[in-house]
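Everything below concerns the one structure shown next.
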Amino acid sequence: MWKTILEALKIVHVAPNDGATTTYALSAGTTDVNSVKVDASGFGRICFLCIFGDNADTGTFTGKIEGSANGTDGWTAVTGATTTFTAGASDTDNEMIAVECDVLPAYRYYRFVSDRGTANTVIAALLALLGKAQGQIPVTQSTAAGDFVQTPVNVIGA
Numbered sequence: 097m098w099k100t101i102l103e104a105l106k107i108v109h110v111a112p113n114d115g116a117t118t119t120y121a122l123s124a125g126t127t128d129v130n131s132v133k134v135d136a137s138g139f140g141r142i143c144f145l146c147i148f149g150d151n152a153d154t155g156t157f158t159g160k161i162e163g164s165a166n167g168t169d170g171w172t173a174v175t176g177a178t179t180t181f182t183a184g185a186s187d188t189d190n191e192m193i194a195v196e197c198d199v200l201p202a203y204r205y206y207r208f209v210s211d212r213g214t215a216n217t218v219i220a221a222l223l224a225l226l227g228k229a230q231g232q233i234p235v236t237q238s239t240a241a242g243d244f245v246q247t248p249v250n251v252i253g254a
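Numbering (the numbering used here) for the sequence shown: 97 to 254.
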């Protein structure tokens, strides 16, 4: 069963801040950041998993997916691909959220936008799951500046 599920899935470790492309965790803060882009060509669905650290009480967080045709400009929020929370004393600590959407014909590239406010929010890790592969897993992810710099894990046959 697992082999069937994993045959059409690619997991990508994503840098949550496109201004620090070799850093895979985001320390406590209230700054808003955009992740590096993920090439979704050849896939039918994308899901970002955002894993949190020790968030401060009253910290607010909105995570959303944006798409772009060229991965450089024209980033547009994907309708319905947003989640939000306000942290309590410990209810969001070390928790994970998932935000997903279908890969739309208008967009080849996707990124995760993190809006952090009021009190510190920690992003411990950000993963992108590319699913519903159409044929062979087609994408060789770029390692250029501004893109993620870790080779994606190919789980086919695992």
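Glycine included, C-beta positions come from ideal geometry on N, C-alpha and C.
As the structure is a prediction and not an experimental result, all values here were calculated from the model.
Close Cβ partners of residue i (< 7 Å) along its chain, the five nearest in sequence each way excluded
{"i": "I193", "result": "C146, G159 and T179"}
{"i": "A221", "result": "Y120, A121 and I147"}
{"i": "Y203", "result": "G163, S164 and A165"}
{"i": "V199", "result": "A136, F139, G140, R141 and I142"}
Close-in-space but distant-in-sequence residues of the same chain around residue i (CB under 6 Å, 5 per side omitted)
{"i": "C143", "result": "A194, E196 and L225"}
{"i": "V209", "result": "N130, K160 and E162"}
{"i": "G170", "result": "S164"}
{"i": "A124", "result": "N216 and V218"}
{"i": "Q230", "result": "G138"}
Nearest-angstrom beta carbon gap, residue j and residue i [assumed within contact, 8 Å]
{"i": "D189", "j": "D128", "result": "Not really, about 21 Å apart at Cβ, beyond 8 Å."}
{"i": "K228", "j": "G140", "result": "3 Å"}
Proximity below 8 Å, CB of residue i to CB of residue j
{"i": "L223", "j": "V132", "result": "no"}
{"i": "A152", "j": "A215", "result": "yes"}
{"i": "T117", "j": "G213", "result": "no"}
{"i": "R205", "j": "V134", "result": "Before going on, a small fix: residue 205 reads as Tyr here, not Arg. Their beta carbons are under 8 Å apart, which means Y205 touches V134 by this criterion."}
Residue i classed as buried or exposed, judged by whether at least 16 other C-beta atoms fall within 10 angstroms
{"i": "A173", "result": "exposed"}
{"i": "T177", "result": "Checking the sequence, you will find Ala at residue 177 rather than Thr. A177 comes out buried."}
{"i": "G115", "result": "exposed"}
{"i": "K106", "result": "buried"}
{"i": "P201", "result": "exposed"}
Cβ neighbours of residue i in the same chain (closer than 8 Å, five flanking residues each side left out)
{"i": "T168", "result": "none"}
{"i": "A185", "result": "D153"}
Inside the segment 114-200 only - beta strand (DSSP E) runs reaching at least 3 residues: 122-125, 141-148, 156-164, 172-182 and 192-198
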